[in-house]
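Note sheet for the following structure.
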Amino acid sequence: VFSDETGGVKTVSVIKGNPVFLITSVTEIQKGDLIEWLFGPQNITIAKTDGKNNSIHNENDVRFKNRLNLDNQTGDLIIKNSNIEHSGHYQLKIINNNTYTIQKSFSVTVHPGLSPAVPDPGQSSGAVAGIVVAVLLVFAAVGGLIYHKSSKPKRSREENGQNHTSNKDEETELTKPVET
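Under the numbering used here, residues 133 to 312 are what the sequence shown spells out, in order.
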């Protein structure tokens with residue numbers, strides 16, 4: 133499910149068969165509120181609730197038959213098992229005691245399958261390849277640095293004529309007891 137809001141119209145994209153969630157952003161319907169959902173350019177009422185009574189309209193319309201769920205606490209509308217014919221313009225009206233009306237618009241697109249119109253939530257393959265190359269370069273640099281640091285003392289000893297044998301004077305000086 134992809135959702136975006138552009139110019140006051142919330143865009144919702146889903147794949148066929150998935151539910152469409154049209155959210156009112158109401159936490160609880162207040163006494164005297166009426167929530168009404170309209171569909172299409174003709175603004176056909178498809179669902180209403182006052183918080184107590186839900187009514188689903190157009191049940192005879194095969195597009196919505198047995199597919200609409202209306203939350204009587206929030207007024208959210210869920211279209212189950214979406215189909216391409218559920219694509220279109222949805223209008224939400226929240227009327228409070230006949231004193232004011234809040235309207236929200238939703239543009240729903242139901243895709244038949246994976247579509248370029250539905251953004252991929254992951255990284256593109258080019259971005260993933262770039263990240264992998266960068267990580268490998270970092271590991272190579274760290275490995276080279278470790279190799280360089282570990283081979284430097286060995287080269288220094290060989291250049292000074294010292295091998296793995298220890299200097300006897302240094303050993304005896306370190307093991308002498310300290311006089312006080």
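C-beta atoms are modelled at their ideal positions from N, C-alpha and C, and glycine is treated no differently.
(request) Inspect the CB distances between the region 202 to 220 and the region 255 to 272 and report whether three or more fall short of 8 Å. (result) Verdict: no, contact absent.
(message) For K142 and H221, what's the separation of their Cα atoms in angstroms?
(response) 10 Å
(request) Could you check the C-alpha separation between E160 and N229 for me, to the nearest Å? (result) 15 Å
(request) Check the DSSP bridge columns for N186 and list the partner residues they point to. (result) Partner(s): T181.
(message) Taking only three categories from DSSP, how would you classify K163?
(response) Coil, per DSSP.
(message) Taking the beta carbon of V152 as the centre, do at least 16 other beta carbons fall within 10 Å, making it buried, or is it exposed?
(response) buried
(request) Report yes if the CB atom of K180 is closer than 7 Å to the CB atom of R199, and no otherwise. (result) no
(request) Taking F238 as the reference, give the member of L166, I147, G172, Q162 with the closest Cα. (result) Looking at L166, I147, G172, Q162, the one whose alpha-carbon comes closest to that of F238 is G172.
(request) Look up V240 in the DSSP assignment and give the residues it is bridged to. (result) V144, G220
(request) Identify, in the order they occur along the chain, each residue of the same chain with its Cβ nearer than 6 Å to the Cβ of L170, setting aside the five sequence neighbours on each side. (result) T177, Q223
(request) Check each candidate in P244, L277, V260, G276 and name the one with the smallest Cα separation from G149. (result) P244
(request) Pull up the distance between the alpha-carbon of K236 and that of V194, whole angstroms please. (result) 25 Å
(message) Measuring only the C-alpha atoms, how far is F196 from I167?
(response) 18 Å
(request) Put V152 into one of helix, strand or coil per three-state DSSP. (result) strand
(message) Quick check: what's the CA-CA separation for N175 versus N186?
(response) 19 Å
(request) Return the CA-CA distance between V133 and H189, expressed in angstroms with no decimal places. (result) The predicted position of V133 is uncertain, since its pLDDT is 46 and thus under 50; no value can be drawn from it.
(message) The beta strand (DSSP E) that contains N201, what's its start and end?
(response) Its beta strand (DSSP E) spans residues 200 to 202.
(request) Measuring alpha carbon to alpha carbon, tell me which of V144, V146, S145, I155 ends up nearest K225. (result) I155
(request) Can you check DSSP and say which residues form a bridge with F171? (result) In DSSP, F171 forms a bridge with I176, Y222.
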